[in-house]
Every structure is written in structure tokens, then in C-alpha cells.
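In my numbering, the protein residues as written are 423 to 569. Ideal Cβ placement from N, Cα and C applies to all residues, glycine included. Remarks on the structure that follows.
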Amino acid sequence: MSSIIQKRLAADILKAGESRIWIDPNSADEVSKAITREDVRGLIVRNVIQLKPKIGVSRGRAKKLAIQRGKGRRKGQGQRKGLATARTPEKREWMNKVRALRQMLATTHNKGTISSKEYRDLYMKIKGNFFRNRAHLKSYVEKMKKE
């Protein structure tokens, strides 16, 4: 005999889905006689009706990959999606460049290599994105000193 009603009652009592209810196949006739909720509760207590464990997705592989990425692996060209500016925004790159250039300019000014007027001129050139990098600034200063 079918035990659909008992399964539904058990699911309601155990607050789980019907798919997670397990009924002992050896006690099928005993389960079919259980009509009321109290009868079903008795079967649950005697472990004739049980609740199957939840099935989840393991995070083991994901954790392993996260550890690898922490070490700097799996970050090559093939793993990247989107533009380079999505990883480090253009503004952040600009800030890093300008700060490095201004720091270098300040040290050269403090050493007395360049005058205050030249310092101001170069500072404004840095602001106007004239120099590509520190090496470019250094070569420009050297060329300026020769002239």
C-alpha cells in the first residue's frame, strides 16, 4: 500500500521536504496503518521514518583554489576577464605614477640639482602628464642640465 500521506505528514512534522523523508521498506505495512500525526510521530521516534541528511556542494575544491591564488598562482593572462583597467583603475595607476614622479622631483630639488624655478616648471609638466615614468623624468633633467 502507498505511503504518500505518511510521507507528507512526516515532512510537515520534521519541517523538511518530502524528498528527504526515508521510510523503512521492511516496515511498510506498519507505516500504511499510521493514519494520524500522532502515529507518524511514534514511527519517527522508533526510527521507522527518518530524515535524510541535506545534500550540499562541497567547498573543498574552492578552498584549495583560493589558497593557490593567495600564493599568486592562477592569475595569468588566461585566467583574466575584462580589461586591465578593471583590475587596477586608470586613476589608481595615475596616482601611483604622479606620486613617484613628485617624490623623485622633491629629492632632486632637495639635493640642489635643480633650482626652484626649474622645480616648479617640472612639477607642472608632471601634472600635465608630460613624463611617462621616472626614467623619462631623469633623462629630461640630465638633458636640461647639459643645455
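Our contact map puts residue i next to residue j with C-beta atoms below 8 Å; I'd like the distance itself, whole angstroms only.
i           : j           : result
residue 490 : residue 444 : Not really, about 39 Å apart at Cβ, beyond 8 Å.
residue 395 : residue 559 : A question about residue 395 goes unanswered here, because the residues of the chain that appear run from 423 up to 569.
Run the CB neighbour count on residue i, radius 10 Å, all protein chains shown included, and call it buried at 16 or more, exposed below.
i           : result
residue 553 : buried
residue 428 : buried
residue 487 : exposed
residue 523 : buried
residue 566 : exposed
residue 425 : buried
residue 505 : exposed
In chain order, what residues of the same chain have a beta carbon less than 7 Å from the beta carbon of residue i, not counting five sequence neighbours either side?
i           : result
residue 433 : 439, 440, 443
residue 587 : Residue 587 falls outside the range modelled here, since the chain spans only 423 to 569, and no answer is possible.
residue 467 : none
residue 547 : 553
Sorted by chain position, which residues of the same chain lie with C-beta nearer than 8 Å to residue i's C-beta, five sequence neighbours on each side aside?
i           : result
residue 531 : 538, 541
residue 549 : 520
residue 545 : 524, 527
residue 470 : 445, 446, 449, 452, 453
residue 502 : 509
If I measure Cβ to Cβ from residue i and keep anything under 6 Å in the same chain, skipping five residues before and after, which residues do I get?
i           : result
residue 496 : 490
residue 536 : 530
residue 474 : 442, 444
Uninterrupted beta strand (DSSP E) stretches inside the stretch 423 to 469 (no shorter than 3 residues): Secondary structure remark: continuous beta strand (DSSP E) runs of at least 3 residues inside the stretch 423 to 469, in chain order: 443 to 445.
Please confirm if the stretch 447 to 454 is in contact with the stretch 478 to 486, defined as three or more CB-CB distances below 8 Å between the two stretches. no
Sequence ranges, beta strand (DSSP E) only - wholly within the stretch 511 to 535, length at least 3: none
Just to confirm the assignment: which complete alpha helix (DSSP H) runs, minimum length 4, are found wholly within the stretch 532 to 564? Those alpha helix (DSSP H) runs which fall completely within the stretch 532 to 564 and span 4+ residues are 538 to 549.
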